[in-house]
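One structure is given here, and the rest of the page talks about it.
There are 2 protein chains.
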Amino acid sequence: MSADTARSSLPADAVDAHGLPFAPSRSVLRPLGIADLTIDGGVWADMQNLNASTMIEHAQSWMERLGWIGNFDAAVEGRLPQDRTGREFSDSEIYKLLEAIAWEYGRTGDAAMDERFRALATRVAAAQEADGYLNTMFGRPGQQPRYSDLEWGHELYCFGHLIQAGVARARTVGADDAFVQVVRRAADHVCREFGPDGNQGVCGHPEIEPALVELYRATGDRRYLDQARLFVERRGHGVLGEIWFGPQYFQDDVPVREATVMNGHAVRANYLAAGAADLAVETDDGELLGAVTRQMVNTLARRTYITGGMGAHHEGESFGQDFELPPDRAYSETCAGIGSIMVNQRLLLATGEARFADAVERALYNVVLTAPAEDGRGFYYTNTLHQRTPGHVPAADELSPRAASSLRAPWYAVSCCPSNLTRTFASLGAYLATHDDDGVQIHQFAESTVRARLRQGDVVLKLRTRYPADGRIEVEVLDTPSAPWTLKLRVPSWAHGATLTSEGRRNDVEAGTYAAARRGFTAGDVVVLDLPLHARWSYADPRVDAVRGQVAVERGPVVMCAESVDLGTDVSGLQVYTSEPPVEEDGDVYVRARVIDLAEPKEWPFGREPGTGVVTGVEERGLVRLVPYHSWANRGPSTMRVWMPVVG
Amino acid sequence: MSADTARSSLPADAVDAHGLPFAPSRSVLRPLGIADLTIDGGVWADMQNLNASTMIEHAQSWMERLGWIGNFDAAVEGRLPQDRTGREFSDSEIYKLLEAIAWEYGRTGDAAMDERFRALATRVAAAQEADGYLNTMFGRPGQQPRYSDLEWGHELYCFGHLIQAGVARARTVGADDAFVQVVRRAADHVCREFGPDGNQGVCGHPEIEPALVELYRATGDRRYLDQARLFVERRGHGVLGEIWFGPQYFQDDVPVREATVMNGHAVRANYLAAGAADLAVETDDGELLGAVTRQMVNTLARRTYITGGMGAHHEGESFGQDFELPPDRAYSETCAGIGSIMVNQRLLLATGEARFADAVERALYNVVLTAPAEDGRGFYYTNTLHQRTPGHVPAADELSPRAASSLRAPWYAVSCCPSNLTRTFASLGAYLATHDDDGVQIHQFAESTVRARLRQGDVVLKLRTRYPADGRIEVEVLDTPSAPWTLKLRVPSWAHGATLTSEGRRNDVEAGTYAAARRGFTAGDVVVLDLPLHARWSYADPRVDAVRGQVAVERGPVVMCAESVDLGTDVSGLQVYTSEPPVEEDGDVYVRARVIDLAEPKEWPFGREPGTGVVTGVEERGLVRLVPYHSWANRGPSTMRVWMPVVG
């Protein structure tokens, strides 16, 4: 056996309970835990390593420096509210970081990560009150009373992230861990306080819902599931108070069971949908699962950027109307991309449909991969698709206002996205593959090792690929039972002309489905999926008015963009010729283009003829290089566009 | 003499002091007061009549019903803060209404308006404190201290509108009026509090600046001018505290003297520019006037909708970047349109350049005229250029959230726009014409009577026109001195091929300038300006990405739009043929068009071919009717678009 397979023996209980970021007790596909999947190379391994080496420490040091962690110490020492720093939801950042550290320890077994977790968790736990309540913002003399501001207070949201950190700990070191007990006391408090006979409210920001379902799954305690159901079902009936943005902002206008498309704040909408999907699966509620599926399908069809990003409005960080997808005002919050991945992965598990894995991949490569700086010390909060003026580079010690930075910023006053990225990267393995009674399904392609305990016996697979640079994915069977089972590989919806080679036979496979090889495998067998991975033009539905007369380029799952650095001038004059496909050379992508010279703006920008007095010259440029959208601005401030005007 | 000229004798002091909404003591062109200009017919006379008969009463009854006026009574009766209603700036709505009523009385001499003014002013005045301070939101036990929240408190903003009401009163009934004394005491308080040795702050919302300059003009008291200068010069140096939106929101990032284009909150930016222009004129500060001119020219060239609307972002109600003008997310607040008119009229007076009068006209016909409902009982707050789904019709007693209504709403929680419209309509005459040492300039065309006291003697003119339905403007000289003087008429920038007929000679005149007739006129002389007023295609600068591949139609100063009511279907499938000009028939405008049938959205709206699987049919429609944008939704909820995709 090669070094690749050194970890091929299955850890005890790895499949059933350990390392699972999401663990539905029933579903079409069953998840594998982070202990079952190791990413051995490629861009996602790089991201996991960067997360482990830098991002987690970077996030923790900012939280320390700004006093967000110190708030817990201040609570213990009776220095609240006077010494409190940060926004009302800053506790949740520590919890998301704890979750990341828990997964990271589970992923690598790095004792330093365990030590980091314990040290941080101890400070958090010390601030828990006798009845299980835990929040540095509310309830003390001089603070607002507990639950006095469900609309904006984020108390249950913070509990939700606390619980998720506890679930991560339970699934990596076990449910006996001291922090898991802290979390259970907190969850018990929530159930007492908001139970059938208690406070009939919900939180302005969903998150407690999926968290409680996961805690039910991790502990078997049904109260948590019942409480999640109460929160999901109460919402949408105007149960929260009036706010400036209206009830749609926090999905309190329409019950989730009745909604047909996502509305309002994009992160809130996705987190709620994740919780509703979890609830539906656990309670075998086909109507509710159908509602979430319908919402996501419609949201993908009408309200999602080509990058997979969600949220067309800066105002309210919210979804726009159908087809309202302005590239230059894309909010596309990093957290909304992560929320979309959460929901789509749940729908993938629940339905087994490839389209949801497609959506996960799109958001991974074009939102999650876009957000972090190459050095792991900066992050996008919003992810615009068109940068009109070169952005401001924040200094290394500069705290950026939310969403104001057009370049990756070290930290934000509202810094939900960096910590969300850390927990996503640490648990990323779980998104790659699943299993069912019949075999193993590969959803995302990376140099990786996959271990699954099938009915037939244990399977270990080694994936070798340079994807997405290259479309060839080679799966070697390292260990297998002798009984037949099925290996499925996703054929992305763009991969027309893909083939699967198995037992020396090469067969065409259909895009947007799973290619299957079923047989009695033997160790050493190799199955190869070949995806025709060429740069291609992508056009928008004519109802997407904001990109009319424009075209984008995608290569496999990667959205490309034009950047001023490559153009030698601002991107506002770029026009591309679409009569031939984009050109690929030495791994780079080029389009034939020209640049129109534009006069300094005249007195009035509207006139009788298109371009009269404005276009002062045309420069043919031949082939112009595009770069992956996720790498934009890595070479410094630039202007950039994903959608490029077509000559004509 | 005809009935038209019944008011042709000049009221005493009308030119020098009375009825002038803005009264620079030096300028290239000198304003005429509302007593000097009467609008005798046409759409603006209708609006003035609707304002007098309905809008003012409508606004006042809402302010009464919501307790905003009652706040002043509550202040007197010691019932604050517990009985206070409305937002922190609600006092200003009463002041804007008082200003409207003052102009309305000055315009018509209607005694009931005078009575209305006195009754309302008495309630306001009663709440003034001994030191001149007047605000129902601050300073009492249980309220925040005075000037403790300059960023959001709007105290000086409220004083600004109070002062403008006082100026209107001074210029219509005289400076001895009791209310003018209230206003002077308030202004004196502001000068004491914020003078050279006082509080070095400014208001988060500019307005006090132009108000203080006008009060200086109305009273001759230079302290007010000096105080205005302090406010203008202090700003832009980060003098206000940090806010979520950043200092650009309230123009505190760059001194107005250095700014090159308007930024941040569009109403704030325009009000500040108005004050800076006033200050520049009074202090003969060419640098400052140049700065304001440069800002407005650049803002018109890069950041203004074809309607003249300003503000491309809902977030922060703010300007976008250059050429960022999404039709479907146009904020284009009614108040920003009014603010733009305030600034452009000031620059017109200061420079005599036609382009500023063009900008005034554009905003008048496409923002100010768009906002009110036909019955005067509803108003747009924002003015979108593309309505994607039919809007909600608010009930007659329904208070709408700011900007949330996509149809004209009776009233808003933040209701700055309706009261701003009332004062604009009541003083509208002043925007029509000016005079200088050499004669009279006609800037806006309406059935009207213009009286001017020239150096050579008194002039009375009667304008007869059906403009903008028709391009013929006939000016009859009713009264004139025998000495020569010059009559100038603006030739709008779109009016290529215009002619001026004077003394029987018809001459070509240049668009974007003033056509001049200079001679010794005699009563009965007629000068005719013929503007070629045809519906025309309008194209955007290629940098306005949001309307690429689309075209608009304008007819004279009026922007047209396509509405679903005329199309019989949603406007999202509309495509127009631009090979022939728009067609006019019986006063209506038509374009040749087709409608593409669009399938229900598929799973993903981006694909390899434009329209594949989406466009399911094409229906040629022949000629499709357009309607003036300002009349959209008058036939009920609809979808609408100003920019129409071009077939191709």
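Just so you know, the protein sequences line up as chains Y and P, in that order.
Here the working numbering is used: the first residue of the first sequence is -17, the next is one more, and so on.
Here the working numbering is used: the first residue of the second sequence is -17, the next is one more, and so on.
Ideal Cβ positions, reconstructed from N, Cα and C, are used throughout, including at glycine.
Computed from a predicted model, the values in this text were never measured in an experiment.
Find out if the Cβ-Cβ distance for the pair residue 583(P), residue 523(Y) is shorter than 8 Å. Within the second sequence, residue 583(P) is the residue found at index 601, counting from 1. Within the first sequence, residue 523(Y) is the residue found at index 541, counting from 1. Yes, the Cβ-Cβ distance between residue 583(P) and residue 523(Y) is below 8 Å.
Where in the segment 234 to 276 of chain Y do unbroken runs of the alpha helix (DSSP H), each at least 4 residues long, occur, reported from the N-terminal end onward? 248 to 264
Whose Cβ in chain P lies nearer than 9 Å to the Cβ of residue 283(Y)? By one-based count along the first sequence, residue 283(Y) stands at place 301. Those are 582, 583, 584, 585, 586, 587, listed as they occur along chain P.
For residue 194(P), which three-state DSSP category applies? Your numbering for residue 194(P) matches position 212 in the second sequence. In this structure, residue 194(P) counts as helix in the three-state DSSP scheme.
Sorted by chain position, which residues of the same chain lie with C-beta nearer than 6 Å to residue 680(P)'s C-beta, five sequence neighbours on each side aside? Given that chain P is displayed from residue -17 to residue 630, the structure contains no residue 680(P) and the question cannot be resolved.
Just to confirm the assignment: which complete alpha helix (DSSP H) runs, minimum length 4, are found wholly within the segment 514 to 554 of chain Y? 546 to 549
Would you verify that the beta carbon of residue 522(Y) is, or is not, closer than 8 Å to some beta carbon of chain P? Residue 522(Y) sits at position 540 when you count from the first residue of the first sequence. Yes, residue 522(Y) lies at the interface with chain P (some Cβ there is under 8 Å from its Cβ).
Would you say residue 656(P) lies against chain Y (beta-carbon separation less than 8 Å)? Given a span of -17 to 630 for chain P in the structure shown, any question on residue 656(P) remains unanswerable.
Using the rule of at least 16 other Cβ atoms within 10 Å of the residue's Cβ for burial, across every protein chain shown, is residue 559(P) buried or exposed? Sequence index remark: in the second sequence, residue 559(P) carries index 577 (1-based). With fewer than 16 other Cβ atoms within 10 Å, it is exposed.
Quick test of the definition: if touching needs 3 or more C-beta pairs under 8 Å, does the segment 539 to 554 of chain P touch the segment 616 to 623 of chain P? yes
What are the residues of the segment 506 to 521 of chain P that lie near chain Y, defined by any Cβ-Cβ distance shorter than 9 Å? 518, 519, 520, 521
Would residue 528(P) count as contacting chain Y if we go by Cβ distances under 8 Å? Walking along the second sequence from the start, residue 528(P) turns up at place 546. Residue 528(P) counts as touching chain Y.
Could you tell me which residues DSSP puts in a beta bridge with residue 622(P)? Stepping through the second sequence from its first residue, residue 622(P) is reached at position 640. Residue 622(P) is bridged to 369(P), 545(P).
Given this structure, state the Cα-to-Cα distance separating residue 61(P) from residue 48(P), to the nearest angstrom. Here residue 61(P) is taken as the residue at index 79 of the second sequence, counted from 1. Here residue 48(P) is taken as the residue at index 66 of the second sequence, counted from 1. So the alpha carbons of these two residues sit roughly 16 Å apart.
Note down the Cα distance separating residue 410(Y) from residue 89(Y), rounded to an integer number of angstroms. Here residue 410(Y) corresponds to residue number 428 of the first sequence, with the count starting at 1. Here residue 89(Y) corresponds to residue number 107 of the first sequence, with the count starting at 1. Rounded to the nearest angstrom, the two C-alpha atoms are 10 Å apart.
Using C-beta distances below 6 Å, list every residue in its chain close to residue 44(Y), excluding the 5 sequence neighbours before and after it, in chain order. Residue 44(Y) sits at position 62 when you count from the first residue of the first sequence. So the list reads 393, once near-sequence residues are dropped.
Got a sec: which bits of the segment 584 to 617 of chain Y sit with their beta carbon under 9 Å from any beta carbon on chain P, in order along the chain? 584, 585, 586, 587, 588, 589, 590, 591, 592, 593, 594, 596, 597
Neighbour list for residue 296(Y) in chain P, Cβ cutoff strictly below 9 Å: By 1-based counting over the first sequence, the position of residue 296(Y) is 314. Within chain P, the residues near residue 296(Y) are 295, 296, 297, 298.
Say whether chain Y places a C-beta atom closer than 8 Å to the C-beta of residue 360(P). Your numbering for residue 360(P) matches position 378 in the second sequence. Answer no: the Cβ-Cβ gap between residue 360(P) and chain Y never drops below 8 Å.
Give the residues from the segment 361 to 384 of chain P that approach chain Y closer than 9 Å (Cβ to any Cβ), ordered along the chain. 368, 370, 371, 383, 384
List the whole-angstrom C-beta distance separating residue 291(Y) from residue 349(Y), where the pair is believed to meet the contact cut-off of C-beta under 8 Å. Looking up residue 291(Y) in the first sequence gives position 309. Looking up residue 349(Y) in the first sequence gives position 367. Residue 291(Y) to residue 349(Y), Cβ: 5 Å. Contact.
Limits of the alpha helix (DSSP H) - the one that residue 460(Y) falls within: Working through the first sequence from its first residue, we reach residue 460(Y) at position 478. No alpha helix (DSSP H) holds residue 460(Y); the beta strand (DSSP E) holding it covers 454 to 461.
Beta strand (DSSP E) segment containing residue 417(Y), residue limits: One-based indexing of the first sequence puts residue 417(Y) at position 435. It spans 415 to 418 - the beta strand (DSSP E) in which residue 417(Y) sits, taken as one unbroken run.
Hey, does residue 426(Y) have any beta-carbon neighbour from chain P nearer than 8 Å? Locating residue 426(Y) in the first sequence gives position 444, where the first residue counts as 1. Residue 426(Y) does not count as touching chain P.
Quick one: Cα of residue 249(Y) to Cα of residue 627(Y), how far? Taking the first residue of the first sequence as position 1, residue 249(Y) is located at position 267. Taking the first residue of the first sequence as position 1, residue 627(Y) is located at position 645. About 31 Å.
In the segment 313 to 334 of chain P, which residues sit with their C-beta less than 8 Å from some C-beta in chain Y, listed in chain order? none
Three-state secondary structure (DSSP) of residue 617(P): Taking the first residue of the second sequence as position 1, residue 617(P) is located at position 635. Here residue 617(P) sits in coil by DSSP.
If you draw a straight line from the alpha carbon of residue 647(P) to that of residue 220(P), how long is it in whole angstroms? The displayed coordinates of chain P run from -17 to 630. Any statement about residue 647(P) would go beyond what the structure contains.
Which residues does DSSP pair with residue 557(Y) in a beta bridge? Translated into positions along the first sequence, residue 557(Y) becomes position 575. DSSP, once it has assigned bridges, lists 576(Y) as partnering residue 557(Y).
In angstroms with no decimal places, state the Cα-to-Cα distance between residue -14(Y) and residue 425(Y). In the first sequence, counting from the first residue as 1, residue -14(Y) sits at position 4. In the first sequence, counting from the first residue as 1, residue 425(Y) sits at position 443. With a pLDDT of 35 at residue -14(Y), under the threshold of 50, the modelled position of this residue cannot be trusted; read the value that follows with caution. Taking the straight line joining both Cα atoms gives about 20 Å.
Going by other Cβ atoms of all chains shown within 10 Å of its Cβ, with 16 needed for buried, is residue 209(Y) buried or exposed? Here residue 209(Y) refers to the residue found at position 227 of the first sequence. By the 10 Å Cβ count, residue 209(Y) comes out buried.
Residue 279(Y): contacting residues in chain C (beta-carbon distance under 8 Å): Structure shown: chain C not included; protein chains present are Y and P.
Going by C-alpha distance, which of 591(P), 303(P), 464(P), 419(P) is nearest residue 527(P)? If you number the second sequence from 1, residue 527(P) lands on position 545. Residue 303(P) is the option with its Cα nearest to residue 527(P).
Mark residue 314(P) as exposed unless 16 or more other C-beta atoms lie within 10 angstroms of its C-beta, in which case mark it buried. As a working mapping, residue 314(P) is identified with position 332 in the second sequence. Label assigned to residue 314(P): buried.
Kindly say whether residue 310(Y), judged by its beta-carbon, lies nearer than 8 Å to any beta-carbon of chain P. Against the first sequence, residue 310(Y) aligns to sequence position 328. Interface residue, yes.
Within 8 Å of any Cβ in chain Y, is that where the Cβ of residue 435(P) sits? On the second sequence, position 453 is the one that residue 435(P) refers to. Not one chain Y Cβ lies under 8 Å of residue 435(P).
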